[in-house]
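Colleague: Encoded as structure tokens, here's the structure I'll be asking about.
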Amino acid sequence: MTELDAPGVRLKERQIRQKEGRTMIGNVMFIAEAKPQSPSGWRSDRTWEELVAIAAGCEYADMLSIHTDARWGGSMELVARARSMTEKPILAKGIHATDDLVAEAFGAGAHYVLVVGRVPAIKPELCLIEPHTVAELHELPASTMAVWNSRDLRKLSQPDNRKSETFEQARAAFAGWLCQASNLRTIADIKPGANAVLIGTKLSEFVESIKSIPHRHRLV
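So in my numbering, spot 197 of the sequence shown is number 189, and the numbers just go up one at a time.
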């Protein structure tokens, strides 16, 4: 791996593109997830290989997300397999409750790792941190790459696991890079202030919504 191929260099280039409005959907980075199932019980009718092909083949996507948690159809092995199937950067998506799991995800080939509810000691600059609350988000350094999930992963067994706090509140509390996740169906669902979006369940529908807009107007 050359210095120019290093994950941090690639993300820096994407951040430059983002500031200049040169990401695939204007100034918002698009992370496409190959999602076989969700914690809420939804299951895709496509195979994992088909989902990866769709996500990796999406011309609008800047990054590919692969789940590592076996409870939701993921594994570290799938990260390694996806790495061999695409040149796009790979985000290992999962709770990753220990630094050993974070290290395992990087070892499997992930360029970036999603971590829920904490900041790991291992490569924190290459981790996307998903806090549970706005208060937790507010405590993160502005240099952190943060994710605001509209669902509270601590309440997955409850019928209504949506957070009472909104993306707008999260955006107001955090000055750094912030990714919007969950409950996005089309490009119209992107909130003002989102630096990135993570799309899984509604990936095909989201992509079609981008295609419906003339290229010169694909700024959100």
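Even glycine gets a Cβ: it sits at the ideal position worked out from N, Cα and C.
Here the structure is a predicted model, which means the values were calculated and not measured.
Can you look up Met55 in the DSSP assignment and give me helix, strand or coil?
Modeller: As a position in the sequence shown, residue 55 is number 63, starting the count at 1. In this structure, Met55 counts as strand in the three-state DSSP scheme.
Colleague: Determine the contact status of His59 and Ile82, defining contact as a CB-CB distance below 7 Å.
Modeller: Along the sequence shown, one-based indexing puts residue 59 at 67. Along the sequence shown, one-based indexing puts residue 82 at 90. The answer is no: Cβ separation not under 7 Å.
Colleague: Count the other CB atoms, across all protein chains shown, that sit within 10 Å of the CB of Asn175; report buried if there are 16 or more and exposed otherwise.
Modeller: Within the sequence shown, the letter at position 183 stands for residue 175. So Asn175 ends up on the exposed side.
Colleague: Quick check for students: name the residue ranges of the alpha helix (DSSP H) that lie wholly in the region 155 to 212, counting only runs of 4 or more.
Modeller: 159 to 165, 195 to 203
Colleague: What residue range does the alpha helix (DSSP H) around Ile46 cover?
Modeller: Numbered from 1 along the sequence shown, position 54 holds the residue referred to as residue 46. Segment 40 to 49, the alpha helix (DSSP H) holding Ile46.
Colleague: Assuming Leu129 contacts Ala138 (C-beta within less than 8 Å), just tell me the rounded distance between them.
Modeller: For this step, residue 129 is matched to residue 137 along the sequence shown. For this step, residue 138 is matched to residue 146 along the sequence shown. With a Cβ gap of about 6 Å, Leu129 and Ala138 count as contacting.
Colleague: On the DSSP bridge assignment, give the partners of Leu106 in chain order.
Modeller: Here residue 106 is taken as the residue at index 114 of the sequence shown, counted from 1. Partner(s): Leu120.
Colleague: Measure how close the beta-carbons of Gly192 and Glu25 come, nearest whole angstrom, since I'm counting them as under 8 Å.
Modeller: If you number the sequence shown from 1, residue 192 lands on position 200. If you number the sequence shown from 1, residue 25 lands on position 33. Contact between Gly192 and Glu25 holds, with the beta-carbon distance rounding to 3 Å and staying under 8 Å.
Colleague: Of the residues Ile202, Gln161, Trp169, Leu43, which one's Cα is nearest the Cα of Gln125?
Modeller: Locating residue 125 in the sequence shown gives position 133, counting from the first residue. A quick correction: the sequence has Thr, not Gln, at residue 125. Ranking Ile202, Gln161, Trp169, Leu43 by Cα distance to Thr125 puts Gln161 first.
Colleague: Mapping the DSSP letters down to three states, classify Ala72 as helix, strand or coil.
Modeller: By one-based count along the sequence shown, residue 72 stands at place 80. Three-state DSSP puts Ala72 in a helix.
Colleague: Hey, how far is the Cα of Lys85 from the Cα of Ser57?
Modeller: Taking the first residue of the sequence shown as 1, we reach residue 85 at position 93. Taking the first residue of the sequence shown as 1, we reach residue 57 at position 65. Lys85 and Ser57: Cα-Cα distance of roughly 6 Å.
Colleague: What residue does the beta strand (DSSP E) around Leu83 start on, and which one ends it?
Modeller: Reading the sequence shown from its first residue, position 91 is the one you call residue 83. Counting along the chain, the beta strand (DSSP E) containing Leu83 begins and ends at 82 to 85.
Colleague: For Glu25, which beta-bridge partners are listed by DSSP?
Modeller: Walking along the sequence shown from the start, residue 25 turns up at place 33. DSSP output for Glu25 lists Ser57 as bridge partner(s).
Colleague: With DSSP as the reference, please indicate the residues paired to Val137 in a beta bridge.
Modeller: The residue you call residue 137 lines up with position 145 of the sequence shown. Rather than Val, the amino acid found at residue 137 in this sequence is Met. Answer by DSSP bridge pairing, in chain order: Leu120, Trp169.
Colleague: Closer than 8 Å is the cut-off here; do at least three beta carbon pairs connect the region 64 to 81 with the region 96 to 113?
Modeller: yes
Colleague: Grab the span of the alpha helix (DSSP H) containing Asp92 for me, first residue to last.
Modeller: Counting from one through the sequence shown, the residue named residue 92 turns up at place 100. Counting along the chain, the unbroken alpha helix (DSSP H) around Asp92 starts and ends at 91 to 99.
Colleague: Consider the Cβ of Asn187: report whether some Cβ of chain C lies at a distance smaller than 7 Å.
Modeller: Checking the listed chains, one finds no chain C in this structure; it contains a single protein chain.
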